[in-house]
Amino acid sequence: GDVTDNGDGTFTLNSVLAQGASLTFNVSYTIDATFQGTSLTNVAEITEDDGDDEDSTPDNDVPTEDDQDDETITVDQTYDLALTKDLTSAGPYTQGSTVSYNITVTNQGSLDAATVVVEDRPQAGLTYAGLNSGDVTDNGDGTFTLNSVLAQGASLTFNVSYTIDATFQGTSLTNVAEITEDDGDDEDSTPDNDVPTEDDQDDETITVNQTFDLAIAKSLAPLQAPFTLSGANVNYRITVTNQGSINATNVEVMDDSPIGLNYLSANVTGTNVIANGGGSFTIPSLAQNESVSFTITYMTDANVGIGVVLTNQIEITDDADGTGNDVTDIDSSPESSYDNDDLGDNVADDDEDSVSITNIGINVEKVASESEICPGEPVTYTLTVRFRDNICAPGLELREISIEDMGSDGSMRMLMPNDANFIASSDPNGDGVLQCGEEFMWSYTLTHTETYTNTAVDMAEVWFIDPVQGDLFVGDAMFMDEVTVTVNPTPTTTIADTDPNGSISCNGFSDGSATVTPTSGSAPFTYAWSGGDLATRDEATVTGLSAGIKYYVTVTDNNGCAALDSIILVEPTPLMASVNNDVLLCFGDETGSLTVTPEGGTAPYTYLWGANAGAVTSQTAMNLPAGTYSVTVTDARGCTAVATGTVTQPEAGLMITEVITDVECNGDATGAINITVGGGTPDYTYLWSNGATTEDLTGLTAG
54 GDVTDNGDGT
64 FTLNSVLAQG
74 ASLTFNVSYT
84 IDATFQGTSL
94 TNVAEITEDD
104 GDDEDSTPDN
114 DVPTEDDQDD
124 ETITVDQTYD
134 LALTKDLTSA
144 GPYTQGSTVS
154 YNITVTNQGS
164 LDAATVVVED
174 RPQAGLTYAG
184 LNSGDVTDNG
194 DGTFTLNSVL
204 AQGASLTFNV
214 SYTIDATFQG
224 TSLTNVAEIT
234 EDDGDDEDST
244 PDNDVPTEDD
254 QDDETITVNQ
264 TFDLAIAKSL
274 APLQAPFTLS
284 GANVNYRITV
294 TNQGSINATN
304 VEVMDDSPIG
314 LNYLSANVTG
324 TNVIANGGGS
334 FTIPSLAQNE
344 SVSFTITYMT
354 DANVGIGVVL
364 TNQIEITDDA
374 DGTGNDVTDI
384 DSSPESSYDN
394 DDLGDNVADD
404 DEDSVSITNI
414 GINVEKVASE
424 SEICPGEPVT
434 YTLTVRFRDN
444 ICAPGLELRE
454 ISIEDMGSDG
464 SMRMLMPNDA
474 NFIASSDPNG
484 DGVLQCGEEF
494 MWSYTLTHTE
504 TYTNTAVDMA
514 EVWFIDPVQG
524 DLFVGDAMFM
534 DEVTVTVNPT
544 PTTTIADTDP
554 NGSISCNGFS
564 DGSATVTPTS
574 GSAPFTYAWS
584 GGDLATRDEA
594 TVTGLSAGIK
604 YYVTVTDNNG
614 CAALDSIILV
624 EPTPLMASVN
634 NDVLLCFGDE
644 TGSLTVTPEG
654 GTAPYTYLWG
664 ANAGAVTSQT
674 AMNLPAGTYS
684 VTVTDARGCT
694 AVATGTVTQP
704 EAGLMITEVI
714 TDVECNGDAT
724 GAINITVGGG
734 TPDYTYLWSN
744 GATTEDLTGL
754 TAG
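If you count the sequence shown from 1, you need to add 53 to reach this note's numbering.
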C-alpha cells in the first residue's frame with residue numbers, strides 16, 4: 054500500500070485520499086513464540102486526519118466508531134511435558150557403586166508449565182544418595198519439585214545419585230522417573246500413571262557386575278606355635294570368606310592332613326559350620342563379605358621324624374550361590390585335589406590354603422667314659438640335653454628341664470640345671486633355660502662291680518617366644534637314652550711252684566721258678582712279675598726265684614682286667630750232716646765206726662767218705678782207727694753237706710797200780726786193796742772177783 058511505515062506502529066498515507074476513494078495496505082505480525090494465550094486481537098484506528106469527522110474522533114479508541122476496527126484470531130496452544138533419564142556415571146557397577154542420573158524435564162508444548170513434580174523410583178537395591186545439581190527441591194520422599202515455571206520450549210535438568218546396596222544380589226537395577234504432577238493437561242501423557250510408553254516417564258537400567266569368590270585361609274590357631282612335638286596337639290584356624298558379592302550356600306570344605314597328623318576334633322561353637330568328621334565340613338550359608346572361622350585340632354604322630362615339615366592342606370570342594378545354583382568362582386574351581394592353580398592361569402587359587410609346621414624334639418645323650426670296665430673301676434657319666442638333631446629356630450626354648458637318671462641297680466637320681474652335677478659353663482647366662490645353640494651338661498662318677506645299665510629320661514617344657522603373641526607353649530617333650538657299662542669279671546688265676554716238689558734245688562739257692570695259670574678271663578693275657586730283686590717280666594713262668602720272698606704277678610686279660618696273685622717259694626731245709634764220734638775202747642784198736650746222719654735237703658742221700666776212711670759210700674764207715682774223718686752227703690737234688698767225725702782212743706793203754714793192805718790179824722777181815730787206774734778211758738767200772746764193783750776193796754780177809 055501507498056503508505057509510509059513510521060516505525061512506531063503508525064502508517065501515513067502518502068497521497069491525498071480523494072473523496073469516495075480507498076487505499077489498502079497490508080501489514081503482517083508474528084505471534085510471539087512465548088505467547089501463552091489462546092486468541093489475539095489486532096485493532097486499527099485512524100489516529101490523525103485533517104478534518105473533523107462527523108461520526109468519529111481520531112485516536113480515541115472507541116471500537117464502535119467507524120474509524121476503528123479490530124480483528125481477533127484464535128491461537129492454538131499445546132501443554133506437553135516430556136521427561137528423559139540418562140546415566141551420567143561411568144560403570145562398571147558393583148555393590149557400593151554410586152550411580153548418577155540426569156533427569157531432564159522438557160516443555161515440548163507451547164504453554165509454560167508450573168508446579169511440576171517428578172518422582173524418581175529406584176529399584177530395591179538402590180539407595181538414594183542425594184541431589185547433586187538442578188533447580189529443584191528435594192522433597193525427601195523421592196519426589197522433586199521444579200522451583201520455577203518451565204517455559205514452553207525450555208528444559209530443566211537435575212542430577213541425582215544412588216548407591217548400589219552393599220548386599221544387592223541381582224545383576225541389574227532399573228530406576229524409573231515420571232512426572233507425577235503438573236498444572237496442565239498434557240496432550241500425550243498422564244502424570245503419575247506409570248505407563249512406560251508415555252513421554253513423561255523414562256527408565257534407565259544398569260548392569261551390576263557380581264562376583265562369586267570364596268576364599269579360604271588356614272593358619273595356626275592363636276597361641277599355637279609354629280612347631281610341634283611327637284604326640285603333641287596342633288591347632289589350626291580355618292577362615293572361609295565370601296570375598297565376592299554373591300551369597301554362597303552349601304560350601305563344602307575338606308581339610309587334608311598329611312601322614313603324621315591325626316585328626317582329633319573341631320571346634321565350630323558359635324558358627325553355622327557343620328563338622329562332618331574326618332576333616333570334612335559344611336557351611337550351609339555364607340553371605341557376601343561374611344567370614345566364618347573355626348578351629349581344627351590334630352595330634353602329631355609319635356613316629357614323625359625330627360625336622361619333618363608337616364604341611365596341612367585345606368580346600369573348598371563344592372559350593373553354590375544364594376539360590377542353591379551352581380556358580381563359577383572367579384579365580385578358582387572347587388575340587389578335591391590340591392594343585393593351587395585350578396584354572397591354569399598361573400594365579401594361585403584362593404579356595405585352598407596350606408600351613409606347614411615343623412616337628413622338633415629334645416635329646417638327652419648319655420655317654421659313659423668307658424663302655425667296658427673291670428670291677429671297681431670308676432666310670433664318668435656325661436649327660437647332654439639339647440634340641441634333638443640340633444633342629445631349632447630363634448625363639449625356641451626348653452624350660453623346666455629335668456632328667457630321671459635310673460640305674461639297673463635300682464638307684465635313681467634327679468638331675469636339674471644348677472644342681473651339684475650340673476656343668477655350669479654349659480649355661481652361660483645361668484637362667485636354667487636352654488636356647489638354640491646351647492647344650493646343658495651334667496657329669497658324675499660311679500664305680501661298678503657288675504654290669505650296669507643306666508637309663509636317662511629327659512623331660513622339658515618346649516616354649517616358643519612369638520614376637521607378637523609372646524610365650525607360646527609347644528608341649529611337654531621327653532626323650533630317653535640308655536648306656537650300658539659292661540663289667541668284665543676279674544680273671545682268676547692259680548700260681549704254683551713249677552715243680553710240685555719244689556723248684557729250688559738247694560737251700561739258699563735262687564734257682565726256683567713259678568708259673569701263674571689264668572683260670573678265667575679273656576685271652577690273651579699279659580703278666581707282670583715283681584718281688585725281691587726280680588726284674589719285671591711278661592711271662593707266665595719266671596725263674597731265678599729265691600725262697601722266702603713274696604713274688605707278685607699281675608695277670609691282665611684282653612679286657613684289661615687284672616688279677617693279682619702271689620707266691621712264696623719254699624726251699625728245701627738246709628742239708629746238714631752230722632757224724633757221731635766214736636771212741637775206741639782200747640788204745641790202738643781199729644774198731645772205730647762213724648755214721649753220718651743227714652738232715653734236711655731232699656732224700657734220698659748218697660755218701661762219700663774220705664780216703665782215710667777208705668772212700669766208702671755207705672752211711673757208716675767202719676773199722677776205723679783213731680783219727681778224724683770227713684764225709685760228703687749228697688741229697689737227691691745234688692745238694693751236698695760235709696761233716697767230719699772223730700774216732701778217739703784212750704790216750705794210753707789201761708794201767709792199774711794197786712796198794713794192798715794185809716790183814717792185821719789172822720782171821721781178821723781188815724785187809725784192803727786200793728787201786729789207781731790210769732790210761733784207758735774214764736770213767737771206769739770195776740768188777741772184782743768177789744763180785745764187788747767198787748774201785749777199792751776193804752774188809753778183806755786173807756786170801
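Just so you know, even glycine gets a beta-carbon here, dropped at the ideal spot from N, CA and C. Bear in mind that the values here come from a model prediction, so they are computed numbers and not experimental data.
| Item | Value |
| --- | --- |
| Between the C-alpha atoms of Asp398 and Asp266, what's the straight-line distance to the nearest angstrom? | Because Asp398 sits at a pLDDT of 49, beneath the cut-off of 50, its placement in the model cannot be relied upon, and the following sentence gives the value as read from the coordinates. In a straight line, the C-alpha of Asp398 is about 16 angstroms away from that of Asp266. |
| For Phe78, count the other beta carbons within 10 Å of its own beta carbon; 16 or more makes it buried, fewer makes it exposed. Which is it? | exposed |
| Let's see if you can read the secondary structure: which residues bound the beta strand (DSSP E) around Thr673? | Thr673 to Leu677 |
| Beta-carbon within less than 7 angstroms of Asp122's beta-carbon, same chain only, minus the 5 sequence neighbours each way: which residues are those? | Ala97 |
| With burial defined as no fewer than 16 other Cβ atoms inside 10 Å of the residue's Cβ, what is the status of Tyr82: buried or exposed? | exposed |
| DSSP state of Asn192, grouped into three classes? | coil |
| Let me check understanding here. Comparing Cα to Cα, which of Thr693, Val595 and Leu677 lies closest to Ser631? | Thr693 |
| Rounded to whole angstroms, what is the Cα-Cα separation between Asp524 and Thr227? | 57 angstroms |
| Find the nearest neighbour of Gly178 within the set Ile156, Asn286, Asp194 and Thr151, judged by alpha-carbon distance. | Thr151 |
| Measure from the alpha carbon of Gln488 to the alpha carbon of each residue in Thr411, Trp516 and Ala328, then state which is nearest. | Trp516 |
| Mark Val171 as exposed unless 16 or more other C-beta atoms lie within 10 angstroms of its C-beta, in which case mark it buried. | buried |
| Taking 7 angstroms as the limit between beta carbons, can you name the residues of its chain near Gly223, skipping five residues before and five after? | Gly178 and Val261 |
| Assuming Gly706 and Tyr682 make a contact with CB atoms under 8 angstroms, what is their CB distance in whole Å? | About 23 angstroms; that fails the 8 angstroms criterion. |
| Between Ser619 and Asp635, how many whole angstroms is the CB-CB distance? I'm expecting something under 8 angstroms. | At roughly 49 angstroms, the Cβ-Cβ gap does not stay under 8 angstroms, so Ser619 and Asp635 are not in contact. |
| Hey, Ile312 and Asp404: beta-carbon distance below 8 angstroms or not? | no |
| How many angstroms separate the CA atom of Thr754 from the CA atom of Asp736? | 28 angstroms |
| Tell me which same chain residues have a C-beta within less than 7 angstroms of the C-beta of Gly414, skipping the five on either side of it? | Leu282, Ser283, Ile359, Arg441, Ala530 and Phe532 |
| In three-state terms, what does DSSP make of Asn443? | helix |
| Spell out a yes or no on whether the stretch 320-327 and the stretch 352-370 are touching, meaning 3 or more CB-CB pairs, one atom from each, closer than 8 angstroms. | no |
| Quick one: using the 10 Å Cβ neighbour count with 16 as the cut-off for buried, is Cys639 buried or exposed? | exposed |
| Between Cys427, Thr250 and Ala135, which has its C-alpha nearest Val608's C-alpha? | Cys427 |
| According to DSSP, is Asn665 helix, strand or coil? | helix |
| Go ahead and pull the three-state DSSP assignment for Ala477. | helix |
| Can you tell me which residues form a DSSP beta bridge with Leu317? | Answer by DSSP bridge pairing: none, since Leu317 is not bridged. |
| Hey, how far is the Cα of Ala615 from the Cα of Glu491? | 41 angstroms |
| CA-CA distance, Thr508 and Thr433? | 15 angstroms |
| Does the count of Cβ pairs from the stretch 596-605 and the stretch 658-674 closer than 8 angstroms reach three? | no |
| Could one say the Cβ of Leu267 lies closer than 8 angstroms to chain B's Cβ atoms, at least one of them? | Here there is only one protein chain, and chain B is not present. |
| Note the first and the last residue of the continuous beta strand (DSSP E) segment covering Asp618. | Ala615 to Ile621 |
| Have a look at the DSSP bridge pairing and note the partners of Ser346. | Thr292 |
| Tell me which same chain residues have a C-beta within less than 8 angstroms of the C-beta of Gly162, skipping the five on either side of it? | Gln130, Thr131, Tyr132, Asp133, Leu134, Gln205, Gly237, Asp239 and Glu240 |
| Out of curiosity, what's the CA-to-CA distance linking Ala722 and Asp749? | 15 angstroms |
| So for Leu209, helix, strand or coil by DSSP? | strand |
| Pairs of beta-carbons, one from the stretch 469-488 and one from the stretch 439-454, closer than 8 angstroms: are there three or more? | yes |
| What residue from Thr572, His501, Gly555 and Phe493 has the CA that sits closest to Asp564's CA? | Gly555 |
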